[in-house]
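Below: one structure, written as structure tokens.
Number of protein chains: 2
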Amino acid sequence: MKIYQDTIIALATPAGSGAIGVLRLSGSDAINIVDKHFEGKFKTKNLNDVASHSIHLGFIKDGERVLDEVLVSIFKTPHSYTGENVVEISVHGSPYIQQQVLQLFLKNGVRHAKAGEFTLRAFLNGKMDLSQAEAVADLIASDSASSHQLALQQMRGNFSNEIKKLREELIHFASLIELELDFAEEDVEFADRKQFADLVQRIKQTLKKLVDSFALGNVLKEGVPVAIIGEPNVGKSTLLNALLNEDKAIVSNIAGTTRDVIEDDLVLDGIRFRFIDTAGIRVAQDEIEKIGIRKTFEKIKEAKVVVFLIDACALSQSASCHTDQHEAVLQAFETELQKIAQKYPEKKILIVVNKIDKLDQKDYPEELYKYPIIEISAKYKTGIEKLVAQLTDLVNKGQLAQNEVMVSNARHFQALSEALESIMQVDAAIQAQLPTDLLTVDIRAALHSLGEITGEITTDDLLDNIFRNFCIGK
Amino acid sequence: MKIYQDTIIALATPAGSGAIGVLRLSGSDAINIVDKHFEGKFKTKNLNDVASHSIHLGFIKDGERVLDEVLVSIFKTPHSYTGENVVEISVHGSPYIQQQVLQLFLKNGVRHAKAGEFTLRAFLNGKMDLSQAEAVADLIASDSASSHQLALQQMRGNFSNEIKKLREELIHFASLIELELDFAEEDVEFADRKQFADLVQRIKQTLKKLVDSFALGNVLKEGVPVAIIGEPNVGKSTLLNALLNEDKAIVSNIAGTTRDVIEDDLVLDGIRFRFIDTAGIRVAQDEIEKIGIRKTFEKIKEAKVVVFLIDACALSQSASCHTDQHEAVLQAFETELQKIAQKYPEKKILIVVNKIDKLDQKDYPEELYKYPIIEISAKYKTGIEKLVAQLTDLVNKGQLAQNEVMVSNARHFQALSEALESIMQVDAAIQAQLPTDLLTVDIRAALHSLGEITGEITTDDLLDNIFRNFCIGK
Chain A
655 MKIYQDTIIA LATPAGSGAI GVLRLSGSDA INIVDKHFEG KFKTKNLNDV
705 ASHSIHLGFI KDGERVLDEV LVSIFKTPHS YTGENVVEIS VHGSPYIQQQ
755 VLQLFLKNGV RHAKAGEFTL RAFLNGKMDL SQAEAVADLI ASDSASSHQL
805 ALQQMRGNFS NEIKKLREEL IHFASLIELE LDFAEEDVEF ADRKQFADLV
855 QRIKQTLKKL VDSFALGNVL KEGVPVAIIG EPNVGKSTLL NALLNEDKAI
905 VSNIAGTTRD VIEDDLVLDG IRFRFIDTAG IRVAQDEIEK IGIRKTFEKI
955 KEAKVVVFLI DACALSQSAS CHTDQHEAVL QAFETELQKI AQKYPEKKIL
1005 IVVNKIDKLD QKDYPEELYK YPIIEISAKY KTGIEKLVAQ LTDLVNKGQL
1055 AQNEVMVSNA RHFQALSEAL ESIMQVDAAI QAQLPTDLLT VDIRAALHSL
1105 GEITGEITTD DLLDNIFRNF CIGK
Chain B
655 MKIYQDTIIA LATPAGSGAI GVLRLSGSDA INIVDKHFEG KFKTKNLNDV
705 ASHSIHLGFI KDGERVLDEV LVSIFKTPHS YTGENVVEIS VHGSPYIQQQ
755 VLQLFLKNGV RHAKAGEFTL RAFLNGKMDL SQAEAVADLI ASDSASSHQL
805 ALQQMRGNFS NEIKKLREEL IHFASLIELE LDFAEEDVEF ADRKQFADLV
855 QRIKQTLKKL VDSFALGNVL KEGVPVAIIG EPNVGKSTLL NALLNEDKAI
905 VSNIAGTTRD VIEDDLVLDG IRFRFIDTAG IRVAQDEIEK IGIRKTFEKI
955 KEAKVVVFLI DACALSQSAS CHTDQHEAVL QAFETELQKI AQKYPEKKIL
1005 IVVNKIDKLD QKDYPEELYK YPIIEISAKY KTGIEKLVAQ LTDLVNKGQL
1055 AQNEVMVSNA RHFQALSEAL ESIMQVDAAI QAQLPTDLLT VDIRAALHSL
1105 GEITGEITTD DLLDNIFRNF CIGK
């Protein structure tokens, strides 16, 4: 493992103009170095002599030249984010000044921090475990109530504490079992086989629960994929716009915040949905259509929910807005619906009937009522709330309790799946009453996988992979 | 004057994702309100009972729901930026979380701050005078060494202290003189006329110096205007690009910072230059050309410096690259140069000879040497440093001493000019030994103008005008 001795600096706040910007230094020399360039406004006291967690008004000076009037916050080791001496300098929010102050320290023995280096140091100094460190990045990236909650839970250690506890119990038994091997000829049993079998069962169940939670956890983090199937003129983009108006969760009061509206990515009642536009499924007339249909099915495969959007006039043969052209649409719809239901019985299918404002008569086909039907007018924004409620219910119904531990990180899922596999081998070996030495390989493998999650077992490569995705300054 | 009783909040750091974001609250209730939603991580102590300038780790909670793990900094009245109770909440740098925490406080009796409201409160609470408050906005907007230095000086009060001192002395005399008027029939003189005349001289000289400093101060803040005259293919944009490469002052290490490169706006050695492209001046052939020429002269009028860019091959008749076409260019150049020198004798003219890499022979016309000549090859970036040195020398030569007081604010310039005019009236009246009551009107006018600079005299309109240009959160 690398040992970090040097002092690092980075801008901790977003780049750009604002009222203030915060530069953060960490390292054993951080307070010393800042003190050399700081002059208190009211009394000049060495920053080494002030209390931890105290704030000081003064000037950052490059020789005689004043760079800025600043607030300096002192955090003394080990009571800081990184566990090292940390200084936060709150400067005026001009990129020019931030750069000047940054340069001053870079000239004076401080190194620019690498991406995620503050959090990496926090991990290496035992301030948090690896899954908590990973949660910091997730928290910063969180943009919906559910991704935010997942990240916060993970950061507070709910999940890794459970893993750590199970791992410690397993280590206890593993050491007893390894001890038996040393006394193999005497045929003793230090580890109570009954207790051990119980523990393995408990671990298996917990791991299974966690592995299973990834399906929802990942979806909550990345967005619930919803495939929308519908004719080009059925009102897909009008519907997406109407849904966008329901999106009250995201930033409107923060001055200067603009949101890149990705047409297909909406946060509804705190849950992120990823709308996937598809071409629709027809009886293929030619090669190109065949490719389109294959792609549509691939996209439906990715989705958790299939929203079938159809024109109310097409559905209702007695309505005065129903035309001959609608016949083809209606037929195609019925065929497609059947195909999807057959091919993907596990998908939730929502039939959304649009343009109900045009309807004077209603005689929807009988078989439609096998699925939840939501009638809307995207144009007049009627029925939209009901659609949102149906979508969010799919996620919320009993599955998102406040304190439930949920895995949302692909790396954790991978490690948990491997641990589960090893533990199932151990379980099988116990059931088959195989000799002890055959257990130990799988127990070690399980311990390794579990240790990787919390960072009790790491490699430089693993750490590099995790922290290079952080922003600089965190 | 409005009295502010309520508690305000705003994001103090730039919008967007970063490691952290800072929300700032100010108002008598700020600490109380934050305390209600804060739970310390290690011990729960009422935030009203902690020391000023101390930092506390804990959670911001909306009821039972944790919104974020935060650092809370407490500043108690009057030892804060605004003079009121101030709390800074350092949250994780996700716009979603910032918005959530902001909304929590907006729901609980805190109002969103208006632009500049924190600084306005600082002014109203006597933490800084008006010119210092204005300097805060300038400081945040500063993007070159010189604009930065001007703003810092102004914020530290160098300039307003001088004004305040003179104004106080003037008030002293004014009150004595007004007293004389009360005893007009007795014909006494409370104010020593000799001392008074001396003071008026001193004020006049100081005001004159300050009014004169605006020409340079404004230019340093807004950029030194440089008119570039040259044929379309003489290499203007190559030159601007070469200059841009010299621009090492601005932000390169801050991750995510991109700079909008305005072709004509460059910071060279810490000084901002505004390059103004002109059409060049020829003997007009038609109406359209006449308009072009008039515009060129207008632009030259704006400029402090005229850079005349010319092709080395055109200048040097013996060079092998000299062609017949160059004859016309050379003639036009000589005519233009004369015209400009005649029309604007006060402008600094720099002749920049480009494309010297092509030159095998050199016989520049004699009269060229009346002006500073800089030979460059914009393409090969030779001579660029010399050009930069010439440009920056124009500003630096003795005019930008570290501690010289300089006016850069148009409002101050206006008020100073008015004060100067009034003081000159007073001076004239003293010289002409006019009766005392004729002095008082002008003295009052001078006091008013000086008071407007530091904010001893303000109106709501004036304050609105100043602070609405601030960013929200400052």
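Chains as they are written, first to last, in my numbering: chain A, 655 to 1128; chain B, 655 to 1128.
From the three backbone atoms N, C-alpha and C, an ideal C-beta is built for every residue, glycine too.
| Query | Result |
| --- | --- |
| For B/Gly763, return the contacting residues in chain A, with the cut-off set at a CB-CB distance below 8 angstroms. | Correct list: empty, because the minimum Cβ distance to chain A is about 16 angstroms. |
| Ends of the beta strand (DSSP E) at B/Arg678? | 674-680 |
| Verify whether the separation of the beta carbon atoms of A/Leu874 and A/Ser1062 is less than 8 angstroms. | yes |
| For A/Tyr750, decide whether its Cβ has a neighbour in chain B, counting only Cβ atoms nearer than 8 angstroms. | yes |
| When the Cα of B/Gly1109 is compared with those of B/Asp660, B/Leu774, B/Asp978, B/Val704, which residue comes out closest? | B/Leu774 |
| Is there a Cβ of chain A sitting closer than 8 angstroms to that of B/Lys1128, yes or no? | yes |
| Spatial neighbours of B/Lys953 within its chain, please: CB distance less than 6 angstroms, with the 5 preceding and 5 following residues excluded, ordered by chain position. | Ala881, Ile930, Thr932 |
| Which whole-angstrom value is the C-beta distance of A/Lys1001 and A/Ile794, which I expect to be below 8 angstroms? | The pair is not a contact, with the Cβ atoms about 33 angstroms apart (cut-off 8 angstroms). |
| Rank A/Asn686, A/Ile687, A/Thr1094, A/Phe713 by C-alpha distance to the C-alpha of A/Asn697 and give the top, closest one. | Note on residue identity: the sequence assigns Lys, not Asn, to residue 697 of chain A. The option with the nearest alpha carbon to A/Lys697 is A/Phe713. |
| At which residue ranges does the segment 966-1005 of chain B contain complete alpha helix (DSSP H) runs of 4 or more residues, listed in the order of the chain? | 966-969, 978-997 |
| In angstroms with no decimal places, state the Cα-to-Cα distance between A/His976 and B/Asp716. | 52 angstroms |
| Along the segment 667-680 of chain A, what residues have a CB closer than 7 angstroms to any CB found in chain B? | Thr667, Pro668, Ala669, Gly670, Ser671, Gly672, Ala673, Ile674, Gly675, Val676 |
| Going by Cα to Cα distance, which pick from A/Arg847, A/Ser867, A/Ile751 is closest to A/Leu804? | A/Ser867 |
| Could you tell me which residues DSSP puts in a beta bridge with A/Ile728? | A/Ser708, A/Val741 |
| Is the beta carbon of A/Ile1003 sitting closer than 8 angstroms to the one on A/Ile994? | yes |
| Strictly under 8 angstroms for the Cβ-Cβ distance: is A/Ala1099 near chain B by that measure? | no |
| Apart from the five residues just before and just after B/Ser1176, which ones in its own chain have a Cβ nearer than 6 angstroms to its Cβ? | In this structure chain B extends from 655 to 1128, so residue 1176 of chain B is not present and cannot be described. |
| Using 8 angstroms as the limit for Cβ to Cβ distance, is A/Ala795 near chain B? | yes |
| In the structure shown, what three-state DSSP assignment does B/Pro749 receive? | helix |
| Please identify the residue among B/Val724, B/Val1080, B/Glu788 whose C-alpha is closest to the C-alpha of B/Ile751. | B/Val724 |
| Output, in chain order, the set of chain A residues within a Cβ distance shorter than 8 angstroms of B/His746. | Val790, Leu793, Ile794 |
| Whose CA, out of B/Gln753, B/Phe692, B/Arg765, lies closest to the CA of B/Gly681? | B/Arg765 |
| Do you know offhand how far A/Leu610's Cα is from A/Val1007's? | Coverage of chain A is limited to positions 655 through 1128, which leaves residue 610 of chain A absent and any answer about it impossible. |
| Measuring only the C-alpha atoms, how far is B/Gln855 from B/Leu784? | 26 angstroms |
| Short of 7 angstroms in beta carbon distance, which residues of its chain neighbour B/Gln1079, apart from the five on each side in sequence? Order them along the chain. | Asp1096 |
| What separation, rounded to the nearest whole angstrom, lies between the Cα atoms of B/Ala1043 and B/Ile857? | 37 angstroms |
| Does chain A have any CB closer than 8 angstroms to the CB of B/Ser1103? | no |
| Check this for me: beta carbons of B/Asp1091 and B/Leu835, under 8 angstroms apart or not? | yes |
| Measure how close the beta-carbons of A/Gly737 and A/Ala776 come, nearest whole angstrom, since I'm counting them as under 8 angstroms. | 6 angstroms |
| Of all Cβ atoms in chain B, is any one closer than 8 angstroms to the Cβ of A/Glu723? | yes |
| Can you tell me the Cβ-Cβ gap for A/Phe1124 and A/Ala769, rounded? I've got them flagged as a contact below 8 angstroms. | 5 angstroms |
| Listing by chain order, which chain A residues have their CB less than 7 angstroms from the CB of B/His802? | Tyr750, Ile751 |
| Would you say B/Ile916 lies against chain A (beta-carbon separation less than 8 angstroms)? | Because the pLDDT of B/Ile916 is 33, which lies under 50, any placement of that residue in the model is unreliable, and the question is left without a value. |
| With respect to the beta strand (DSSP E) encompassing A/Ala881, which residues constitute its N-terminal and C-terminal limits? | 878-883 |
| Looking only at its chain, what residues have a beta carbon closer than 6 angstroms to the beta carbon of A/Asn1119, apart from the 5 residues adjacent to it on each side? | none |
| Should A/Asn739 be labelled buried (16 or more other beta-carbon atoms within 10 Å of its own) or exposed? | buried |
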